[in-house]
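Student:
There are 4 protein chains.
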Amino acid sequence: MKCTCAPLLLLLGSFAPLSLLAQQNETKLPPQATEFYEPQVKVVSPGNENHLPPADAMVLFGGSDLNAWVSERDGSFPKWTVEDGILTVAPKTGGIKTKEAFGDVQVHIEWRAPEEVVGDGQGRGNSGFFFMGKYELQILDSYNNETYSNGQAASIYKQHPPLVNAMRAPGEWNTYDAVFTAPRFNQNGMLIAPARITVFHNGILVQNNVELRGPTQYIGIPHYVAHPEKLPFHIQDHSNPVSFRNIWVRKLD
Amino acid sequence: MKCTCAPLLLLLGSFAPLSLLAQQNETKLPPQATEFYEPQVKVVSPGNENHLPPADAMVLFGGSDLNAWVSERDGSFPKWTVEDGILTVAPKTGGIKTKEAFGDVQVHIEWRAPEEVVGDGQGRGNSGFFFMGKYELQILDSYNNETYSNGQAASIYKQHPPLVNAMRAPGEWNTYDAVFTAPRFNQNGMLIAPARITVFHNGILVQNNVELRGPTQYIGIPHYVAHPEKLPFHIQDHSNPVSFRNIWVRKLD
Amino acid sequence: MKCTCAPLLLLLGSFAPLSLLAQQNETKLPPQATEFYEPQVKVVSPGNENHLPPADAMVLFGGSDLNAWVSERDGSFPKWTVEDGILTVAPKTGGIKTKEAFGDVQVHIEWRAPEEVVGDGQGRGNSGFFFMGKYELQILDSYNNETYSNGQAASIYKQHPPLVNAMRAPGEWNTYDAVFTAPRFNQNGMLIAPARITVFHNGILVQNNVELRGPTQYIGIPHYVAHPEKLPFHIQDHSNPVSFRNIWVRKLD
Amino acid sequence: MKCTCAPLLLLLGSFAPLSLLAQQNETKLPPQATEFYEPQVKVVSPGNENHLPPADAMVLFGGSDLNAWVSERDGSFPKWTVEDGILTVAPKTGGIKTKEAFGDVQVHIEWRAPEEVVGDGQGRGNSGFFFMGKYELQILDSYNNETYSNGQAASIYKQHPPLVNAMRAPGEWNTYDAVFTAPRFNQNGMLIAPARITVFHNGILVQNNVELRGPTQYIGIPHYVAHPEKLPFHIQDHSNPVSFRNIWVRKLD
């Protein structure tokens, strides 16, 4: 800015005609008027690379163990395999869920469809990440693999197709960066703010703050019924050996 | 910015320490700084009573004729009856639609279920107001009349139940005051902003800026496919002699 | 609907080719699939006229007394006058606030600028309704009375001008029907959902679910700092004898 | 609807009592009912790494030239330097703007504050990316550098502080991944949908679909006035040699 401060003095001085002051555009203000120091912004060191967990993230799977998770079936230690820093679904052993419950979050997930292509449509490289155990961000090998639009990778399963199909080839790693806002209900159990989600698939916007229509339904239509404010994440065992790494979450609420 | 603006310091109180300036709350500004004269706000005379059309409204049914409407079936003049200033569905003659197309709107509708109760559930006092010919605000005699939550009066049919059931008795007039925002699609035909609606039923909030899930479906689930920015309103003939009066619209886009 | 139910039987029967089923549009479903009975919708009787309090409203001023209010200054009984069922500001006695605190609400207010016009601009028929004691819906005699756009009647004071000026003449009653959603903050005190408001002035949409920028500021700019989830309403004493009647609120959260 | 569809009863289990049918959850549907193939989802190959431009991106600066840009001052070829694939502000030569105009977009920017720290507060490593030439995403060396919350790196300048400070050290590369939605105005020039933005700074959510309050103002408060639907991006010359690489944009509208 050209600091033309001297006239400011005069303008706001006692002889300024009211008509001049009346128009905001003509009023010269100190820029400090619109500078705020509260609330203070917390410093959070990013990871060395953007996909690595920032300082305030909770690592849900960092490569070594499944201590943050239990089996969806019976709460026991999950039977999924961890090898070379990679987590892989052990088909038919059931899904896994976090010990901790979450509401509004940012989540980073890396996942890979099996390099050897087996099956097609929904039968190929299928899993899913469930926010609150209810709202599914679809995981599927959608690389040259036809299926319904609202069931492909990065769809909100059976609710919102992704804006584009940004899939990498089988055996290559995909990333999801998602921001999820939990729904709110009033005291009558009526929905007053639906869940919302933004998703980037391999760095490409695929869901832009879309409203979720209710918990994911494979059969029938989604429909909200009041539930707790925080609930665990689930990852689906859909009988395909999908792999994962670098799963971390930041709490936003 | 580096410009430390010495004269400013003087203006704001010659001995003010910097720490004082740093905080917006302590900076004394002329209140005119936050007063804007542009854009100018258009004057619109309200009706003599709130339910009557304001000066900028287009009256779609004012009591005398159906000149703003045509038959949904074949574009001919509608066969619905107009008597004593009241419009009534002529059952089995088909729905009606406006000659003009609309996008974002405020709509006022008064409607009445037949005083003599015939039928029940969806078979009693059923009609519907369709924004863009596609998005139905349900009209139904929901006074002591059990039906599914997302199909009762003031529901967005098969999408959103009303927050409460604010129905008046058969033969009494109900009002809907609704604000509808049309959906937007991008050049790939993908939805980038869903339709939204706010509705008051008899003065009570029943839909609070909810997102529509796509065009109303009686069978199956709603699903967006790109369509024009403006389309006519439709009113449904559901074989029940529902009556209407004072239908007006204000364009918001 | 033409009830072509017989083919449905066959279609879903054992010989239906998969390709037929694959396309939702071609699948014939029972309409019941999209009919929900939960959550049950609470019945709320509307007032005899739309501006009168519905059965679930809390009446804040019904014409007889100020028992729901205290003085903003010292919590004592307000000195404003109640006469012929009308509440009038007693200039210079200070604002009033509700005993009860509120979050998300629907509010109905009727107000009247003095019939005898005194002053101009912000000095004429000025008061204000403050949601949470912080967010002002402006009350002003804006009938043929020039002032800044974002300070006229039905503005969110110094934040959002009304979409149109729907003012009635001095001495006539105006109504505001407003839906307010309280802001939300996270554990770091950062804003995660701003306050929002929808307002109808004399039945005309003037604010359509706009975001509030922070608590109203006469001087300086609005700025959110974390505050409680529920707080009392305030009505301003701006030294003008503005009158009120029929003030009621419905809790939405 | 009155069609009682006798065959339907048979289909769903011939002896099913009506009460069974009434509840959606108990209706057995084919899962295909909620599978959609339209709209078809366009395939977009992601970059080899997530920060590299996807197949549908327009590269605004890829390392070799400034052909997509002109000088803000006079439309001439920009005087900023390009060396070793890096673009650097040539202080005092003025900002640059794109030849092409944009509306709703996803933008990726990498930027670096000078390794040698000079100055402090707003005088250190300052630049800015302006959507539509009007809405500034702040660029500043905010690493251990105190300034006002709503003016630090990743703020929407003087409107929204970032949720956290995710800054890397001087001389290291930062990334912004942003999704911007342009504002909409009606025919009276009134705002009907404000601009919105989501931003990730080094992979960390810092702005979650926040509403912009109007074009950025250094002095005074932001305020919307109707403008075209598409306008060029600008990058600010704030007299500091800030560097850039990998600037690309995807059109979302």
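As they're listed, the protein sequences go chains B, U, Y and L. Just so we're aligned, residue 1 is where the first sequence starts under the numbering used here, counting upward by one. Just so we're aligned, residue 254 is where the second sequence starts under the numbering used here, counting upward by one. Just so we're aligned, residue 507 is where the third sequence starts under the numbering used here, counting upward by one. Just so we're aligned, residue 760 is where the fourth sequence starts under the numbering used here, counting upward by one. A virtual CB, placed ideally from N, CA and C, is assigned to each residue, including glycine.
1) Closest to residue 317/U by C-alpha separation, out of 500/U, 504/U and 505/U, would be which residue?
2) Helix or strand or just coil, what does DSSP make of residue 159/B?
3) How would you call residue 622/Y, buried or exposed, if buried means at least 16 neighbouring beta carbons within 10 angstroms?
4) Residue 259/B touches chain Y at which residues, Cβ-Cβ below 7 angstroms?
5) What's the C-alpha gap between residue 662/Y and residue 451/U?
6) I'd like to know whether the C-beta atoms of residue 548/Y and residue 397/U end up nearer to each other than 8 angstroms.
7) Taking the beta carbon of residue 126/B as the centre, do at least 16 other beta carbons fall within 10 Å, making it buried, or is it exposed?
8) According to DSSP, is residue 594/Y helix, strand or coil?
9) Using a threshold of 8 angstroms, state whether the C-beta atoms of residue 820/L and residue 829/L are closer than that.
10) Between 592/Y, 541/Y and 544/Y, which lies nearest to residue 750/Y when the distance is taken from Cα to Cα?
11) Return the chain-ordered list of same chain residues with a C-beta closer than 7 angstroms to the C-beta of residue 56/B, the five sequence neighbours on each side being excluded.
12) Please report the Cβ distance between residue 79/B and residue 68/B, rounded to the nearest whole angstrom; I am assuming they are in contact, meaning their Cβ atoms lie under 8 angstroms.
13) Any beta carbon from chain U within less than 8 angstroms of residue 1011/L's own beta carbon?
14) Of all the options 626/Y, 680/Y, 719/Y and 636/Y, which has the alpha carbon lying nearest to the alpha carbon of residue 739/Y?
15) Could one say the Cβ of residue 915/L lies closer than 8 angstroms to chain Y's Cβ atoms, at least one of them?
16) Less than 8 angstroms between CB atoms is the rule here; does residue 474/U satisfy it with respect to chain B?
17) Considering only their Cβ atoms, is the gap separating residue 676/Y from residue 712/Y smaller than 8 angstroms?
18) Using a Cβ-Cβ cutoff of less than 8 angstroms, which residues in the same chain neighbour residue 529/Y once the five nearest sequence positions on both sides are dropped?
19) Of the residues 435/U, 484/U and 471/U, which one's Cα is nearest the Cα of residue 463/U?
20) Taking 8 angstroms as the threshold (beta carbon to beta carbon), is residue 228/B in contact with chain Y?
21) Under 8 angstroms, Cβ to Cβ, is there at least one residue of chain Y near residue 776/L?
22) Could you name the residues of the stretch 956–976 of chain L whose beta carbon sits closer than 9 angstroms to any beta carbon of chain Y, in the order they occur along the chain?
23) State the Cα-Cα distance for the pair residue 285/U and residue 976/L, rounded to the nearest angstrom.
24) Using DSSP with H/G/I as helix, E/B as strand and the rest coil, what is residue 908/L?
25) State buried or exposed for residue 104/B, treating a residue as buried only when at least 16 other CB atoms are found within 10 Å of its CB.
26) Could you pull out every residue in the same chain whose Cβ sits closer than 7 angstroms to the Cβ of residue 985/L, ignoring the five residues on either side in sequence?
27) Using a cut-off of 7 angstroms between C-beta atoms, extract the partners of residue 225/B located in chain C.
28) Along the stretch 387–419 of chain U, where does the CB come closer than 7 angstroms to a CB of chain Y? Name the residues.
29) Using the rule of at least 16 other Cβ atoms within 10 Å of the residue's Cβ for burial, across every protein chain shown, is residue 505/U buried or exposed?
30) On a Cα-Cα basis, can you pick out the residue from 906/L, 962/L and 873/L that is closest to residue 999/L?
31) Distance, Cα to Cα, residue 673/Y vs residue 648/Y?
32) Considering only the alpha carbon of each residue, which of 665/Y, 652/Y, 653/Y and 644/Y lies closest to residue 659/Y?
33) Nearest to residue 365/U by CA position, among 287/U, 432/U, 476/U and 455/U, is which residue?
34) Taking only beta carbons into account, state which residues of the stretch 828–860 of chain L come closer than 8 angstroms to chain B, listed in chain order.
35) Grab me the residues of residue 101/B's own chain with a C-beta within less than 6 angstroms of its C-beta, minus the 5 sequence neighbours each way, in chain order.
36) At 9 angstroms on the CB atoms, spell out the chain B contacts of residue 813/L, in chain order.
Tutor: In this structure, then:
1) Translated into the one-based positions of the second sequence, residue 317/U becomes position 64. Comparing Cα-Cα distances from residue 317/U to each of 500/U, 504/U and 505/U, the minimum goes to 500/U.
2) Counted from its first residue, the first sequence places residue 159/B at position 159. Three-state result, residue 159/B: coil.
3) For the purposes of this step, residue 622/Y is taken as the residue at position 116 of the third sequence. Residue 622/Y should be labelled exposed.
4) The structure shown does not extend to residue 259/B, since chain B is modelled only from 1 through 253, so no value can be given for it.
5) On the third sequence, residue 662/Y is found 156 positions in, with the first residue counted as 1. On the second sequence, residue 451/U is found 198 positions in, with the first residue counted as 1. Rounded to whole angstroms, residue 662/Y to residue 451/U spans 19 angstroms at the Cα level.
6) On the third sequence, residue 548/Y is found 42 positions in, with the first residue counted as 1. On the second sequence, residue 397/U is found 144 positions in, with the first residue counted as 1. Contact flag unset, no.
7) Locating residue 126/B in the first sequence gives position 126, counting from the first residue. Its Cβ being crowded by 16 or more others within 10 Å, residue 126/B is buried.
8) In the third sequence, the residue the question calls residue 594/Y occupies position 88. In this structure, residue 594/Y counts as strand in the three-state DSSP scheme.
9) Position 61 of the fourth sequence, counting from 1, holds the residue named residue 820/L. Position 70 of the fourth sequence, counting from 1, holds the residue named residue 829/L. Their beta carbons are not under 8 angstroms apart, which means residue 820/L does not touch residue 829/L by this criterion.
10) For the purposes of this step, residue 750/Y is taken as the residue at position 244 of the third sequence. If we check each option's Cα against that of residue 750/Y, 592/Y comes out closest.
11) Your numbering for residue 56/B matches position 56 in the first sequence. 44 and 250.
12) The residue labelled residue 79/B in the question sits at position 79 within the first sequence. The residue labelled residue 68/B in the question sits at position 68 within the first sequence. Residue 79/B to residue 68/B, Cβ: 15 angstroms. No contact.
13) Taking the fourth sequence and counting its residues from 1, the one referred to as residue 1011/L is at position 252. Output row for residue 1011/L: interface = yes.
14) As a position in the third sequence, residue 739/Y is number 233, starting the count at 1. Among 626/Y, 680/Y, 719/Y and 636/Y, the Cα nearest to that of residue 739/Y belongs to 636/Y.
15) Position 156 of the fourth sequence holds residue 915/L. Closer than 8 angstroms: no.
16) If you number the second sequence from 1, residue 474/U lands on position 221. Answer yes: the Cβ-Cβ gap between residue 474/U and chain B drops below 8 angstroms somewhere.
17) For the purposes of this step, residue 712/Y is identified with residue 206 of the third sequence, where counting begins at 1. For the purposes of this step, residue 676/Y is identified with residue 170 of the third sequence, where counting begins at 1. In this structure, residue 676/Y does not lie closer than 8 angstroms to residue 712/Y by Cβ.
18) On the third sequence, residue 529/Y is found 23 positions in, with the first residue counted as 1. With a pLDDT of only 43 at residue 529/Y, under 50, the local geometry of the prediction cannot be trusted, and the value read off the model is given with reservation. Here the set comprises nothing.
19) Position 210 of the second sequence, counted from the start, is the residue given in the question as residue 463/U. Looking at the Cα atoms, 435/U is the closest of the given residues.
20) Within the first sequence, the letter at position 228 stands for residue 228/B. No, because no Cβ of chain Y sits closer than 8 angstroms to the Cβ of residue 228/B.
21) Taking the first residue of the fourth sequence as 1, we reach residue 776/L at position 17. For residue 776/L, the predicted model reports a pLDDT of 32, less than 50, meaning its position is unreliable; a value from the coordinates is still stated below. No, residue 776/L lies away from the interface with chain Y (no Cβ there is under 8 angstroms from its Cβ).
22) 967, 969, 970 and 972
23) Residue mapping note: residue 285/U aligns to position 32 of the second sequence, counting from 1. Residue mapping note: residue 976/L aligns to position 217 of the fourth sequence, counting from 1. Using only the alpha carbons, I get a separation of about 16 angstroms.
24) In the fourth sequence, counting from the first residue as 1, residue 908/L sits at position 149. Residue state, collapsed to three classes: helix.
25) Position 104 of the first sequence, counted from the first residue, corresponds to residue 104/B. Result: buried.
26) Taking the first residue of the fourth sequence as 1, we reach residue 985/L at position 226. If we look at residue 985/L and ignore the five residues flanking it on each side, its Cβ neighbours are 944 and 948.
27) The chain labelled as chain C is not found among the protein chains of the depicted structure, namely B, U, Y and L.
28) 401, 402, 403, 404, 405, 411, 414, 415, 417, 418 and 419
29) Taking the first residue of the second sequence as 1, we reach residue 505/U at position 252. With 16 or more other Cβ atoms within 10 Å, it is buried.
30) Here residue 999/L is taken as the residue at index 240 of the fourth sequence, counted from 1. For residue 999/L, the nearest C-alpha among the options comes from 873/L.
31) For this step, residue 673/Y is matched to residue 167 along the third sequence. For this step, residue 648/Y is matched to residue 142 along the third sequence. C-alpha separation (whole angstroms): 6 angstroms.
32) In the third sequence, counting from the first residue as 1, residue 659/Y sits at position 153. When each option's Cα is compared against that of residue 659/Y, the closest is 644/Y.
33) Against the second sequence, residue 365/U aligns to sequence position 112. Of 287/U, 432/U, 476/U and 455/U, the residue nearest in Cα terms is 455/U.
34) none
35) Within the first sequence, numbered from 1, the residue matching residue 101/B stands at position 101. 230, 231 and 232.
36) Residue 813/L sits at position 54 when you count from the first residue of the fourth sequence. Those are 164, 166, 202, 203 and 204, listed as they occur along chain B.
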